[in-house]
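Quick mapping for you: the protein sequence lines, in order, are chains A and B. Residues in the first sequence are numbered consecutively from 1, following UniProt numbering. Residues in the second sequence are numbered consecutively from 1, following UniProt numbering.
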Amino acid sequence: MELTNQIILIASVALFVSVMTSVLTSRLGAPLLLVFLVMGMLLGEDGPGGIAFDDVQLSHLFGTLALAVILFDGGLATPYKNFRVGLKPALGLATIGVLITSVVTGLAAAWILDLPPFEGLLLGAIVGSTDAAAVFSVLRSQGLELKQRIGATLEIESGSNDPMAVFLTIALIEILLSDDQNPGLVMLTEFLRQMGLGACIGLAGGFALVWLTNRLAMSPGLYPLAAMAGGLSLFAATTAAGGSGFLAIYLAGLVIGNRPLQHRLEIKRFHDGIARLAQIAMFLMLGLLVTPSELLPVATQSLLFAGVLIFLARPLAVLVCLLPFRFPWREQVFIGWVGLRGAVPIILALFPLLAGLPHAQMYFNVVFFVVLVSLVIQGWTVAGLARRLKLEVPPTTHVVQRVELDIPGLQELELVGYRLTDNAPILVEKRPELHLPKRTRIVALLRDHHLLESLDPLDPLPGDYLYLMADPQDLTELDRLFVPPSESTHLTDLAFFGEFVLNGEARLCDLCAAYGVKVEHESPESTLDTLIRRHLSAHPVVGDRLQIGRLELVVREVEQDRVIKVGLKLPSAH
Amino acid sequence: MFSPDLISESRIGCGLEISSKKRLLETLAELLASDHPRLQTETVFERLLERERLGSTGLGHGIALPHARLKDVSDVLGAFVQTKTGVDYDATDGEPVDLAFALLVPEAANEEHLHLLAHLASLFSDPQIRAQLREADSPARLLSILSAG
Chain A
1 MELTNQIILI ASVALFVSVM TSVLTSRLGA PLLLVFLVMG MLLGEDGPGG IAFDDVQLSH
61 LFGTLALAVI LFDGGLATPY KNFRVGLKPA LGLATIGVLI TSVVTGLAAA WILDLPPFEG
121 LLLGAIVGST DAAAVFSVLR SQGLELKQRI GATLEIESGS NDPMAVFLTI ALIEILLSDD
181 QNPGLVMLTE FLRQMGLGAC IGLAGGFALV WLTNRLAMSP GLYPLAAMAG GLSLFAATTA
241 AGGSGFLAIY LAGLVIGNRP LQHRLEIKRF HDGIARLAQI AMFLMLGLLV TPSELLPVAT
301 QSLLFAGVLI FLARPLAVLV CLLPFRFPWR EQVFIGWVGL RGAVPIILAL FPLLAGLPHA
361 QMYFNVVFFV VLVSLVIQGW TVAGLARRLK LEVPPTTHVV QRVELDIPGL QELELVGYRL
421 TDNAPILVEK RPELHLPKRT RIVALLRDHH LLESLDPLDP LPGDYLYLMA DPQDLTELDR
481 LFVPPSESTH LTDLAFFGEF VLNGEARLCD LCAAYGVKVE HESPESTLDT LIRRHLSAHP
541 VVGDRLQIGR LELVVREVEQ DRVIKVGLKL PSAH
Chain B
1 MFSPDLISES RIGCGLEISS KKRLLETLAE LLASDHPRLQ TETVFERLLE RERLGSTGLG
61 HGIALPHARL KDVSDVLGAF VQTKTGVDYD ATDGEPVDLA FALLVPEAAN EEHLHLLAHL
121 ASLFSDPQIR AQLREADSPA RLLSILSAG
């Protein structure tokens, strides 16, 4: 009784304090996960908390569960449209990339820590996977939006590289435990079984879950639970069958999140919350599990190891894997730097402990240290680097409130709300009449907490709350009417996309004729669309730039790999 | 910033009733050709229209900046029109246009002319300027707002 109460008290207070601290630290730009990890360490045996927690089995159980839930949510939140630019590079990074990282860091580890090669490789495999959640929480807290190609690649990579790292770790442990087999063959068959089963069960299970959910009549609150229970069942079943449960649950989430589904929004929101909880709890627990004083003896080696990982292995893996995709160098530098390590390596470091390998405790401490270093160094610099490399794009929308409406059998509609400031364009412009996008209706205008009786004629004043029913695609246009131009001058439409908007279909020779620009080695008949795709990438994204003489072309709108609108940026006197 | 020859009161239309993009461009072409010895309204109109085919010169927020290179002009030449109601101009933000500045530059267009275009675009990106231009009720008033920019 007393113990139960105490555990609940400690856990809930720790959770509460961590969440509260995160409000403060997000202003400092510190990665949120670092906060929870440090919180856990402070509560642990060497900190003021003084809690001695070293139950590896329990940590492994909770950690694995939490990871499964996080991957499920990651799948749910990844839209198919990100696959256009991100899938192939991300898959390369998630497989070959992880392998390169693991081998390079593994060999370095064997040398630094004076271990046999296979044990070194095991360490390399443990730190092989990245954690994009850490990256995106930092970027979002600072209101940064990345170019789609980078965002999509990093997100899909981090969702799909955990299975690879898990596989490498397990396979290496098996090799270390039984030294009479042919390691190459073991690896290959194990790989095929893990990934094959994981992919099949995950995809099939995902479709089955969608089918089932759409045919059930339950109270709305139960749908998210059904989805989570279904996902976790798939995870467990796949693992029991000898496949990669992590791959299965990620793919299942991907399918569920992108198929038409009853109560989709509730399911997504629920998992967003539960994944956050899982992340916080997992990092607190891992922080609690480690004994910080044991980190010091391995500090020098760990720093070296982290250095090899951050400065050599990851950039090399990125360089090799992105070679076929012609990413601009700035984007390669960024992806190479943003190989943040999160909870997965720490959880994987529990595997050798559970398997009873000789140096397991030392592995755990080294890995923990590496994750700390990665979170501090890379996590803290991510936002600044994105700005410096000019990889931001103007935010797509500034809507204050958005409610997606779940209307059965209807196109997507949202209820959006704006608070009109006194410099809102609609108030400043003094247009004779208000022109709204076609599928948009004004629903309500609130003044001093009261709904106005009549919206016709519409006479908005500063401080009013305006609510509209709108298609999500029209939000940019609505922003132009109701949101004052952005403060950060380099991200206004004018500064970012340039003065004019050209059609992707426009011909290069006409552009040159209109502006007196001469271009050599180009067929004059080619359209801007083909020109951009030939010079930059077969999968252009918003924000890609191409210089033509003194003019700069900036991709502004893309539809299925075709450039629809191009911004034209003129040289300015200053 | 502007040379005094860029725009004059005689090339400014205030409170005009115009119903289409074509009419708006024609009106601007007429204004541009009217006090120039060698310019033909049709030629100017066609060149402006050619540029529109590359993509609308509507800058958004109801303002358009049609422009073209022309060998008949020896110096940059501008005209301005303010319409009573908005004209569908195929602009990026879909908003109808009620303010339009047309700019002709010589064939030997150089860096300076691109700078002038950029300067005009940045001038019209200021919501205060647009509001003032909408409130103006005479060509003289419009001219003074434009020349102050």
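For every residue, glycine included, the Cβ atom is placed at its ideal position computed from N, Cα and C. Quick caveat, the model's predicted, so the values are computed rather than measured.
Contact set for residue i: own chain, Cβ-Cβ below 8 Å, skip 5 residues either direction
{"i": "V542 of chain A", "result": "K147, Q148, V393, V555, R556, E557 and V558"}
{"i": "L261 of chain A", "result": "V210, T213, N214 and I267"}
{"i": "I112 of chain A", "result": "Q301, L304, F305 and V308"}
{"i": "L70 of chain B", "result": "L39, T43, V44, R47, L104, V105, P106 and E107"}
{"i": "L197 of chain A", "result": "T238, A241, G242, G243, S244 and A248"}
Close Cβ partners of residue i (< 7 Å) along its chain, the five nearest in sequence each way excluded
{"i": "A171 of chain A", "result": "V186, M187 and E190"}
{"i": "V166 of chain A", "result": "S244, F246 and L348"}
{"i": "F235 of chain A", "result": "A68, G245, A248 and I249"}
{"i": "A199 of chain A", "result": "L247 and L251"}
{"i": "M41 of chain A", "result": "G47, G287, V290 and P292"}
{"i": "A134 of chain A", "result": "P31, L33, L340, G342, L375 and G379"}
Residue i - containing alpha helix (DSSP H), residue span
{"i": "K88 of chain A", "result": "F83 to G92"}
{"i": "V370 of chain A", "result": "A360 to R388"}
{"i": "R47 of chain B", "result": "T41 to L54"}
{"i": "A236 of chain A", "result": "L222 to A240"}
{"i": "P106 of chain B", "result": "Premise fails: P106 of chain B lies in the beta strand (DSSP E), V97 to P106, not in any alpha helix (DSSP H)."}
{"i": "Y250 of chain A", "result": "G245 to N258"}
{"i": "I426 of chain A", "result": "P425 to V428"}
{"i": "Y515 of chain A", "result": "L508 to Y515"}
{"i": "residue 580 of chain A", "result": "The structure shown has nothing for residue 580 of chain A, since chain A only spans 1 to 574."}
{"i": "I175 of chain A", "result": "Q148 to L177"}
{"i": "I335 of chain A", "result": "W329 to W337"}
Nearest to residue i (by Cα), restricted to the options the options
{"i": "P386 of chain A", "options": "A:S454, A:F334 and A:L357", "result": "Strictly speaking, residue 386 of chain A in this sequence is Ala, with Pro absent from that position. The residue with the shortest Cα to Cα distance from A386 of chain A is A:F334."}
{"i": "R507 of chain A", "options": "A:S59, A:E525, A:V501 and A:Y515", "result": "A:E525"}
{"i": "K390 of chain A", "options": "A:D422, A:R330 and A:W111", "result": "A:R330"}
{"i": "A52 of chain A", "options": "A:P163, A:G44 and A:D479", "result": "A:G44"}
{"i": "R314 of chain A", "options": "A:V338, A:D456 and A:I442", "result": "A:V338"}
{"i": "P84 of chain A", "options": "A:L37, A:G567 and A:Q560", "result": "The residue asked about is misnamed: residue 84 of chain A is Arg in this sequence, not Pro. Closest option to R84 of chain A, Cα to Cα, is A:Q560."}
{"i": "L39 of chain B", "options": "B:K22, B:L16, B:Q132 and B:L77", "result": "B:L77"}
{"i": "G58 of chain B", "options": "B:S147, B:N110 and B:D88", "result": "B:D88"}
{"i": "V501 of chain A", "options": "B:D137, B:D75, B:R51 and B:L99", "result": "B:R51"}
{"i": "L277 of chain A", "options": "A:F62, A:L481, A:G498 and A:H521", "result": "A:F62"}
{"i": "E520 of chain A", "options": "A:A514, A:C509, A:F16 and A:L357", "result": "A:C509"}
{"i": "R47 of chain B", "options": "B:S19, B:L146, B:P106 and B:I7", "result": "B:P106"}
{"i": "L254 of chain A", "options": "A:S572, A:K81, A:S219 and A:L288", "result": "A:K81"}
{"i": "M362 of chain A", "options": "A:L296, A:L528 and A:D131", "result": "A:L296"}
{"i": "E271 of chain A", "options": "A:T239, A:L225, A:A470 and A:L24", "result": "For the sequence presented, residue 271 of chain A should be read as His rather than Glu. Answer by Cα proximity: A:L225."}
{"i": "H435 of chain A", "options": "B:E95, B:G60 and B:E42", "result": "B:E95"}
{"i": "L31 of chain B", "options": "B:S20, B:D93, B:S8 and B:S147", "result": "B:S8"}
Terminal residues of the beta strand (DSSP E) in which residue i lies
{"i": "N503 of chain A", "result": "F500 to N503"}
{"i": "K565 of chain A", "result": "R562 to K569"}
{"i": "G86 of chain B", "result": "L77 to V87"}
{"i": "I96 of chain A", "result": "Per DSSP, I96 of chain A belongs to no beta strand (DSSP E) and is neither H nor E."}
{"i": "M469 of chain A", "result": "Y465 to A470"}
{"i": "G356 of chain A", "result": "G356 of chain A -> no beta strand (DSSP E), and no H or E assigned at all."}
{"i": "L445 of chain A", "result": "R441 to R447"}
Spatial neighbours of residue i in its chain, beta-carbon cut-off 6 Å, leaving aside the 5 residues before and after
{"i": "Q401 of chain A", "result": "G417"}
{"i": "S137 of chain A", "result": "L32"}
{"i": "S10 of chain B", "result": "D35"}
{"i": "F369 of chain A", "result": "L295 and S302"}
Distance cut-off 7 Å: residue i Cβ against heavy atoms of the ligand ZN
{"i": "G44 of chain A", "result": "Absence of the ligand ZN from the depicted structure is noted, as is the absence of any ligand whatsoever, leaving it without description."}
Inter-stretch contact (C-beta, 8 Å, three-pair minimum) for the stretch 417 to 424 of chain A and the stretch 460 to 469 of chain A: yes
At least three beta-carbon pairs within less than 8 Å, the stretch 272 to 288 of chain A to the stretch 62 to 82 of chain A: yes
Meets three-Cβ-pair contact criterion under 8 Å: the stretch 115 to 130 of chain A and the stretch 336 to 345 of chain A: yes
Cβ pair count under 8 Å reaching 3, the stretch 80 to 95 of chain A against the stretch 149 to 165 of chain A: yes
Interface positions of the stretch 115 to 134 of chain A facing chain B (Cβ-Cβ less than 7 Å), listed along the chain: none
Where the stretch 417 to 437 of chain A meets chain B: residues whose CB sits under 8 Å from a CB there: N423, P425, V428, E429, K430, R431, P432, E433, H435 and P437
Cβ pair count under 8 Å reaching 3, the stretch 69 to 78 of chain A against the stretch 545 to 555 of chain A: no
Chain A contacts from the stretch 17 to 45 of chain B (Cβ-Cβ distance under 9 Å): none
Sufficient close CB pairs (3 or more, under 8 Å) joining the stretch 524 to 539 of chain A to the stretch 126 to 138 of chain B: no
Residues of the stretch 493 to 509 of chain A whose Cβ lies closer than 7 Å to any Cβ of chain B, in chain order: L494, E499, F500, V501, L502, N503 and A506
Residues, ordered as in the chain, of the stretch 63 to 95 of chain B that lie near chain A by beta-carbon distance below 9 Å: L65, H67, A68, R69, K84, T85, G86, A91, T92, D93, G94 and E95
Segment contact, 8 Å Cβ cut-off, at least three pairs: the stretch 465 to 480 of chain A with the stretch 25 to 35 of chain B: no
Within 7 Å of chain B by C-beta, residues of the stretch 456 to 472 of chain A in sequence order: none
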